[in-house]
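Novice: The listed protein sequences derive, respectively, from chains A and B.
Count along the first sequence from 1, then add 4; that gives the number in our numbering.
Count along the second sequence from 1, then add 140; that gives the number in our numbering.
Before anything else, here's the structure in question.
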Amino acid sequence: MRELTRRVPPRKVAQLIWLGNMARKVLITLYGNEVAPRFDLATEVLIATLGPDGRVEEEKTVVLPQASAENLCHMVLTEEIQAVICGAIEEEYHQYLTWKRVNVFDSVMGSLEAVLERLEEGTLRSGDILFGK
Amino acid sequence: MKAGRVPRIKDLFELPVALSPLIDEVPLGVAVLNPKREVLLFNRALEALTGFARHEARGIPCAHILRSNICIQQCPIARLRNGLSDSVSLEGDIINRDRRKIPVRVTFAPIVDLTGRTVGYLEAVEDIRGLREMEGKIGKAYGFGQLVGRSPQMERIFKILPVIAQSDSSVLITGETGTGKDFIAEAIHQASQRAKSPFVKVNCGALPETLLESELFGHQKGAFTGAVDSKPGRFRLAHNGTLYLTEIGDLPLSLQVKLLTFLDDKVVYPLGSTKGLHVNVRVIAATHRDLEQMVREGRFREDLLFRLNVVRLHLPPLRDRGDDVRLLLEHFLNTLTSQFRKPVKGFSGKALRILLDYPFPGNVRELRNVVEYALNICPEDQIHPRHLPAYLVEPRVDVQRLQGGDAAFEVPRRVQQQEAGKDLNWAAVERKLIMDALVKARGRKSKAADLLGWGRSTLWRKMKQYEMDS
Chain A
5 MRELTRRVPP RKVAQLIWLG NMARKVLITL YGNEVAPRFD LATEVLIATL GPDGRVEEEK
65 TVVLPQASAE NLCHMVLTEE IQAVICGAIE EEYHQYLTWK RVNVFDSVMG SLEAVLERLE
125 EGTLRSGDIL FGK
Chain B
141 MKAGRVPRIK DLFELPVALS PLIDEVPLGV AVLNPKREVL LFNRALEALT GFARHEARGI
201 PCAHILRSNI CIQQCPIARL RNGLSDSVSL EGDIINRDRR KIPVRVTFAP IVDLTGRTVG
261 YLEAVEDIRG LREMEGKIGK AYGFGQLVGR SPQMERIFKI LPVIAQSDSS VLITGETGTG
321 KDFIAEAIHQ ASQRAKSPFV KVNCGALPET LLESELFGHQ KGAFTGAVDS KPGRFRLAHN
381 GTLYLTEIGD LPLSLQVKLL TFLDDKVVYP LGSTKGLHVN VRVIAATHRD LEQMVREGRF
441 REDLLFRLNV VRLHLPPLRD RGDDVRLLLE HFLNTLTSQF RKPVKGFSGK ALRILLDYPF
501 PGNVRELRNV VEYALNICPE DQIHPRHLPA YLVEPRVDVQ RLQGGDAAFE VPRRVQQQEA
561 GKDLNWAAVE RKLIMDALVK ARGRKSKAAD LLGWGRSTLW RKMKQYEMDS
């Protein structure tokens, strides 16, 4: 835990403390092999389960029958997701998820690989641009 | 664009000019993309619209910066790549960095070099929030297309029209003459996906049966005497568009069968041709007749009615539209004064009362004609009763329903008004009422007197007075 505190910027620490050492479920909206530019238009999501050491232990991809921000929010709650990583999201849904104690990392741009890497490192932030980095 | 180099315009001015400051002055969001759809240039207006700074956007795929539904659902550059060389303009929305959804119109155009090779794309993004707000207000105040109305009946119609327009189902529009059936049909076409394709109108009552068949379905050269050329027919002319069949109630039975076949398999068989042609046409039909009654009388095919009756729109007569009369009077006065360049400002109180009391059997068309007549006659800045058509101003007989008689017996309103307009002599009208009652009662005077709500002696006296007892 201490190591984590050293590695991540101070702004992020609070979120990681809240997530604790228990298994964490993270939902990433997908558009091909990248984070979907729009939360409300995503038709594919990846649900990753992170172990106590912060490594991805399990991954599953879910293809949605249709794009809908409401349905995605519902899925986040029923799947007991603790963090959502997405591109653009409307304020209404952002507030709703935050109110439901879900961490929302929005305006994230980049490939799934780069995002998962940052996630495992614990250095992912909202607004991160990970293309070509 | 190579990193660290400032993009310039050469050969336009004496010395090269930097491009970025120039596009920064454009009040529209502008982005220049490379063939991989990554952002090369980004102007100030687009920075303000998206919330991303140009240094953040540079080198990033445009879908992640613009974050528009167009990029994800129907990116036109993918189509441009497949050989389309024209610019494409589409409406959609973006979600900016402040998480706000903004309606936009995006124009995509290919950038070609001197050899004609596509070297990139230009994207112009226009914020249309103001336009949308205005559309909303206009829609609320006036209605749909050229139709105007604020009555609950019309509001209901305006609300469902956009939905109907977006579907591809057949529509049957019913309503009295002058209620705006033609306008509704055209408005549906204009608001539909077929708006850019033809809207072809055919009046089924205007042509004799033989001509109508060739007009609708076309004919082959030599199909009949005088067919010196092949004719495509209205169905083929309306391919990918809308065919509007007005006065469908007047369509002869033989053609009803042919129309029915078309609605089933979307294939037309021109006269004299053995080969059918597949056409993609949406059919909108309209009539002022009671089609259900015609079906009962065997004059209209029930199965055709069922096929046309997918979406039914009934336009209410003006007399049932309450305050819409006032609104329409003002509307037509405004449009016609500017058209005729007349300095008329409005109606006098008396003229307005006369107009509001009149039942307008010819509905909106009649109302428009009355306003047009008054405007032509009026030399002043206000329309007075003397400027209105005579049949509105002079006293008229308005017997709605004869009291105390057979409920089914009603003197047709239009007949009364015509009679009243033609001859304002009460004696003539009373004579007509007696005659109608006698016809209805098949000559039995006591029944006729009952129908009229008179005693037998009154009827006898009046018949004698009008010399009808012989």
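Ideal Cβ placement from N, Cα and C applies to all residues, glycine included.
Predicted model, so just to flag it, every value in this text is computed and none were measured.
Determine the direct distance from the alpha carbon of residue 87 of chain A to that of residue 104 of chain A, and round the result to whole angstroms.
Specialist: In the first sequence, counting from the first residue as 1, residue 104 of chain A sits at position 100. In the first sequence, counting from the first residue as 1, residue 87 of chain A sits at position 83. Distance between the alpha carbons of residue 104 of chain A and residue 87 of chain A is about 11 Å.
Novice: Do the CB positions of residue 173 of chain B and residue 261 of chain B come within less than 8 Å of each other?
Specialist: Numbered from its first residue, the second sequence carries residue 173 of chain B at position 33. Numbered from its first residue, the second sequence carries residue 261 of chain B at position 121. Result yes, Cβ atoms of residue 173 of chain B and residue 261 of chain B sit closer than 8 Å.
Novice: Starting from the beta carbon of residue 91 of chain A, find every residue of chain B whose beta carbon is closer than 8 Å, and list them in chain order.
Specialist: Looking up residue 91 of chain A in the first sequence gives position 87. In chain order: 204 and 207.
Novice: What three-state label does DSSP hand residue 569 of chain B in the structure shown?
Specialist: For the purposes of this step, residue 569 of chain B is taken as the residue at position 429 of the second sequence. In this structure, residue 569 of chain B counts as helix in the three-state DSSP scheme.
Novice: Evaluate residue 316 of chain B with the Cβ neighbour count: other Cβ atoms within 10 Å of its Cβ, from every protein chain shown; 16 or more gives buried, anything less gives exposed.
Specialist: The sequence position of residue 316 of chain B within the second sequence is 176, counting from 1. By the 10 Å Cβ count, residue 316 of chain B comes out buried.
Novice: Got a sec? Which residues, its chain only, sit under 6 Å from residue 48 of chain A by beta carbon, not counting five neighbours each side?
Specialist: Against the first sequence, residue 48 of chain A aligns to sequence position 44. Around residue 48 of chain A: 34 and 67.
Novice: Ignoring anything shorter than 4 residues or poking outside the segment 242 to 319 of chain B, list the alpha helix (DSSP H) runs there in chain order.
Specialist: Those alpha helix (DSSP H) runs which fall completely within the segment 242 to 319 of chain B and span 4+ residues are 269 to 281 and 292 to 306.
Novice: Relative to the C-alpha of residue 367 of chain B, which candidate in B/386, B/288 and B/351 has its C-alpha closest?
Specialist: Locating residue 367 of chain B in the second sequence gives position 227, where the first residue counts as 1. With distances taken between Cα atoms, residue 367 of chain B lies closest to B/351.
Novice: Output needed in chain order: residues of the segment 71 to 91 of chain A with a Cβ under 9 Å from some Cβ in chain B.
Specialist: Within the segment 71 to 91 of chain A, the residues whose Cβ lies closer than 9 Å to some Cβ of chain B are 71 and 91, listed in chain order.
Novice: I want to see whether chain B comes within less than 8 Å of residue 41 of chain A, judged by CB atoms only; does it?
Specialist: The residue given as residue 41 of chain A occupies position 37 in the first sequence. At least one chain B Cβ lies under 8 Å of residue 41 of chain A.
Novice: Are the C-beta of residue 344 of chain B and some C-beta of chain A separated by less than 8 Å?
Specialist: Residue 344 of chain B sits at position 204 when you count from the first residue of the second sequence. By this cut-off, residue 344 of chain B is not an interface position.
Novice: Mind the definition here: the segment 366 to 382 of chain B touches the segment 399 to 415 of chain B only if three or more C-beta pairs lie below 8 Å; say whether that holds.
Specialist: Yes, the segment 366 to 382 of chain B touches the segment 399 to 415 of chain B.
Novice: Give the C-beta separation of residue 394 of chain B and residue 437 of chain B to the nearest angstrom, bearing in mind that I take them to be a contact with Cβ-Cβ under 8 Å.
Specialist: Position 254 of the second sequence holds residue 394 of chain B. Position 297 of the second sequence holds residue 437 of chain B. With a Cβ gap of about 17 Å, residue 394 of chain B and residue 437 of chain B do not count as contacting.
Novice: Do you know how far the Cα of residue 319 of chain B is from the Cα of residue 517 of chain B?
Specialist: Translated into positions along the second sequence, residue 517 of chain B becomes position 377. Translated into positions along the second sequence, residue 319 of chain B becomes position 179. Taking the straight line from one Cα to the other gives about 25 Å.
Novice: Can you list, in chain order, the residues of its chain with a C-beta nearer than 6 Å to that of residue 613 of chain B? Leave out the 5 residues immediately preceding and following it.
Specialist: It is not possible to answer for residue 613 of chain B, since the shown part of chain B is limited to 141 through 610.
Novice: Based on the DSSP output, what are the partners of residue 522 of chain B in its beta bridges?
Specialist: Stepping through the second sequence from its first residue, residue 522 of chain B is reached at position 382. The partner list for residue 522 of chain B (beta bridge, DSSP) reads B/486.
Novice: Buried or exposed: residue 608 of chain B, going by 16 or more other Cβ atoms within 10 Å of its Cβ?
Specialist: Position 468 of the second sequence holds residue 608 of chain B. Classification for residue 608 of chain B: exposed.
Novice: Thinking C-beta only, is residue 513 of chain B closer than 8 Å to residue 525 of chain B?
Specialist: Taking the second sequence and counting its residues from 1, one reaches residue 525 of chain B at position 385. Taking the second sequence and counting its residues from 1, one reaches residue 513 of chain B at position 373. Contact flag unset, no.
Novice: Short of 6 Å in beta carbon distance, which residues of its chain neighbour residue 208 of chain B, apart from the five on each side in sequence? Order them along the chain.
Specialist: Your numbering for residue 208 of chain B matches position 68 in the second sequence. Around residue 208 of chain B: 232 and 234.
Novice: In whole angstroms, what is the alpha-carbon distance linking residue 430 of chain B and residue 388 of chain B?
Specialist: Residue mapping note: residue 430 of chain B aligns to position 290 of the second sequence, counting from 1. Residue mapping note: residue 388 of chain B aligns to position 248 of the second sequence, counting from 1. The alpha-carbon atoms of residue 430 of chain B and residue 388 of chain B are separated by roughly 11 Å.
Novice: In whole angstroms, give me the CA-to-CA distance for residue 452 of chain B and residue 503 of chain B.
Specialist: Stepping through the second sequence from its first residue, residue 452 of chain B is reached at position 312. Stepping through the second sequence from its first residue, residue 503 of chain B is reached at position 363. So the alpha carbons of these two residues sit roughly 20 Å apart.
Novice: Going by DSSP, what residues sit across from residue 136 of chain A in a beta bridge?
Specialist: Position 132 of the first sequence holds residue 136 of chain A. BP columns for residue 136 of chain A are empty, so no partner.
Novice: Any Cβ of chain B within less than 8 Å of the Cβ of residue 32 of chain A?
Specialist: The residue given as residue 32 of chain A occupies position 28 in the first sequence. It does not; no Cβ of chain B falls within 8 Å.
Novice: Between B/155, B/357, B/461 and B/228, which lies nearest to residue 289 of chain B when the distance is taken from Cα to Cα?
Specialist: For the purposes of this step, residue 289 of chain B is taken as the residue at position 149 of the second sequence. Nearest option by C-alpha distance: B/461.
Novice: Taking only runs of the alpha helix (DSSP H) that begin and end inside the segment 385 to 440 of chain B, which ones reach a length of at least 4 residues, in chain order?
Specialist: Listed in chain order, the complete alpha helix (DSSP H) runs (minimum 4 residues) inside the segment 385 to 440 of chain B are 393 to 405 and 431 to 436.
Novice: Taking a contact to mean a Cβ-Cβ separation below 8 Å, would you say residue 423 of chain B touches residue 385 of chain B in this structure?
Specialist: Locating residue 423 of chain B in the second sequence gives position 283, counting from the first residue. Locating residue 385 of chain B in the second sequence gives position 245, counting from the first residue. In this structure, residue 385 of chain B lies closer than 8 Å to residue 423 of chain B by Cβ.
Novice: Report all residues from its chain with a CB closer than 7 Å to the CB of residue 419 of chain B; omit the five preceding and five following residues, and keep chain order.
Specialist: For this step, residue 419 of chain B is matched to residue 279 along the second sequence. These residues qualify, in order along the chain: 375, 376, 379, 406 and 408.
Novice: In this structure, does DSSP put residue 531 of chain B in helix, strand or coil?
Specialist: For the purposes of this step, residue 531 of chain B is taken as residue 391 along the second sequence, with counting starting at 1. Helix at residue 531 of chain B.
Novice: For the alpha helix (DSSP H) containing residue 68 of chain A, name the first residue and the last one.
Specialist: On the first sequence, residue 68 of chain A is found 64 positions in, with the first residue counted as 1. Counting along the chain, residue 68 of chain A falls outside any alpha helix (DSSP H), and DSSP gives it neither H nor E.
Novice: Since residue 93 of chain A and residue 43 of chain A should fall inside the 8 Å C-beta cutoff, what is the C-beta to C-beta distance between them, to a whole number of angstroms?
Specialist: Reading the first sequence from its first residue, position 89 is the one you call residue 93 of chain A. Reading the first sequence from its first residue, position 39 is the one you call residue 43 of chain A. Sure, about 4 Å apart at Cβ, within 8 Å.
Novice: Looking at the secondary structure, which residues open and close the beta strand (DSSP E) in which residue 177 of chain B lies?
Specialist: As a position in the second sequence, residue 177 of chain B is number 37, starting the count at 1. Note, residue 177 of chain B: premise wrong, no beta strand (DSSP E); not H, not E.
Novice: Just to make sure I have the definition right: I need the residues of chain C whose C-beta is within less than 8 Å of the C-beta of residue 199 of chain B. Which are they?
Specialist: The structure shown contains no chain C; the protein chains it does contain are A and B.
Novice: With C-beta atoms as the reference, is residue 242 of chain B less than 8 Å away from residue 189 of chain B?
Specialist: For this step, residue 242 of chain B is matched to residue 102 along the second sequence. For this step, residue 189 of chain B is matched to residue 49 along the second sequence. Yes, Cβ-Cβ distance for residue 242 of chain B and residue 189 of chain B is below 8 Å.
Novice: Please list the residues of the segment 99 to 123 of chain A that have a C-beta atom closer than 8 Å to any C-beta atom in chain B, keeping them in chain order.
Specialist: For the segment 99 to 123 of chain A, which is checked against every Cβ of chain B, the residues closer than 8 Å are 110, 111 and 113.
Novice: List, in chain order, every chain B residue whose beta-carbon is nearer than 7 Å to that of residue 48 of chain A.
Specialist: Position 44 of the first sequence, counted from the start, is the residue given in the question as residue 48 of chain A. Within chain B, no residue comes near residue 48 of chain A; the closest Cβ sits about 12 Å away, beyond 7 Å.
Novice: Are the beta-carbon atoms belonging to residue 166 of chain B and residue 183 of chain B less than 8 Å from one another?
Specialist: On the second sequence, position 26 is the one that residue 166 of chain B refers to. On the second sequence, position 43 is the one that residue 183 of chain B refers to. Yes.
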